[in-house]
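Asker: Residue numbers (this note's numbering): 38 to 230.
Yeah, the Cβ is synthetic: ideal placement off N, Cα and C, and Gly gets one too.
Quick caveat: nothing in here was measured; it's all calculated off a predicted structure.
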């Protein structure tokens with residue numbers, strides 16, 4: 038049985054929207070896109086810490102918007118980067134009711150939110166969710182998230198989409214790391230109700 042692991046960059050006030058670049062996600066008039074890039078570029082140790090234990094990644098799970106943007110960005114990026122081959126070769130499941138098969142990127146399968154539990158049963162290893170805030174909140178409400186790996190950056194954005202909504206969760210710290218620049222990378226296991 039697979040373990041569903043959510044990997045996110047967060048501001049101190051819980052914002053996860055558009056950490057990578059200014060035009061990544063401007064929904065709701067969000068104009069602070071790219072807020073995590075410079076901080077992580079200045080702290081490669083913190084930037085790599087979430088990937089430390091990702092050897093167990095058997096598959097990835099995305100919402101439609103993140104799949105099209107993130108996977109499309111890295112697969113079309115001509116610059117050498119560590120993500121292209123991983124994104125090309127790792128099986129990807131995309132929760133969408135609007136995307137049509139065949140999906141535009143290799144090793145991709147469209148599923149519904151209702152299919153996530155059976156996908157977890159069928160995959161041996163970690164199923165990693167990157168970004169996909171709406172999907173993560175739905176997965177949390179359905180009690181399907183097993184772990185969160187959160188990179189918490191020392192910045193308060195004041196606005197933007199937050200990772201957590203109204204679904205409560207009891208969490209246990211599995212491990213944590215604080216970089217010299219104050220970035221915290223922590224792994225939290227979701228405890229049963």
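Distance check for residue 207 and residue 164, CA to CA, integer angstroms please.
Answerer: 21 Å
Asker: Note the first and the last residue of the continuous alpha helix (DSSP H) segment covering residue 78.
Answerer: 74-78
Asker: Short of 6 Å in beta carbon distance, which residues of its chain neighbour residue 76, apart from the five on each side in sequence? Order them along the chain.
Answerer: Apart from the 5 residues on each side of it in sequence, residue 76 sits with its Cβ closer than 6 Å to the Cβ of 190 in its chain, given in chain order.
Asker: With three or more beta-carbon pairs closer than 8 Å as the criterion, would you say the segment 159-174 touches the segment 38-52?
Answerer: yes
Asker: Give the range of the alpha helix (DSSP H) segment to which residue 173 is assigned.
Answerer: 170-178
Asker: Is it true that the segment 122-135 meets the segment 43-61, where meeting means three or more beta-carbon pairs spaced less than 8 Å apart?
Answerer: no
Asker: Can you find the residues in the same chain that come closer than 6 Å, C-beta to C-beta, to residue 174, ignoring five residues on each side of it along the sequence?
Answerer: Cβ neighbours of residue 174 beyond the five flanking positions: 202.
Asker: According to DSSP, simplified to helix, strand and coil, what is residue 58?
Answerer: coil
Asker: If you pair each beta-carbon of the segment 99-115 with each one of the segment 140-149, do three or more pairs fall below 8 Å?
Answerer: Flag = yes, the segment 99-115 and the segment 140-149 touch.
Asker: Taking just the CA atoms, how far does residue 214 sit from residue 71?
Answerer: Looking at the two C-alpha atoms, the distance is approximately 23 Å.
Asker: Run through DSSP, which three-state label would residue 46 get?
Answerer: Strand.
Asker: Could you please give me the residues that DSSP links to residue 97 through a beta bridge?
Answerer: DSSP output for residue 97 lists 129, 165 as bridge partner(s).
Asker: Check residue 108 in the structure and name its three-state DSSP category.
Answerer: In the structure shown, residue 108 falls within a helical segment according to DSSP collapsed to helix, strand and coil.
Asker: Give me the residue from 179, 227, 218, 157 with the minimum Cα distance to residue 96.
Answerer: 157
Asker: Grab the span of the beta strand (DSSP E) containing residue 196 for me, first residue to last.
Answerer: Bounds of any beta strand (DSSP E) do not take in residue 196, whose DSSP letter is neither H nor E.
Asker: Pull up the CB-CB distance for residue 86 and residue 222, whole angstroms please, since I reckon it's below 8 Å.
Answerer: Indeed they touch by this definition, with Cβ atoms about 4 Å apart.
Asker: Closest to residue 220 by CA distance: which of 132, 93, 115, 73 is it?
Answerer: 73
Asker: Out of 198, 192, 153, state which residue places its alpha-carbon closest to the alpha-carbon of residue 183.
Answerer: 153
Asker: According to DSSP, residue 184 sits in a beta bridge with which residue or residues?
Answerer: Note: residue 184 is bridge-paired with 42, 226 in the DSSP secondary-structure output.
Asker: Where residue 138 and residue 100 are concerned, what is the direct C-alpha to C-alpha distance, given to the nearest angstrom?
Answerer: 15 Å
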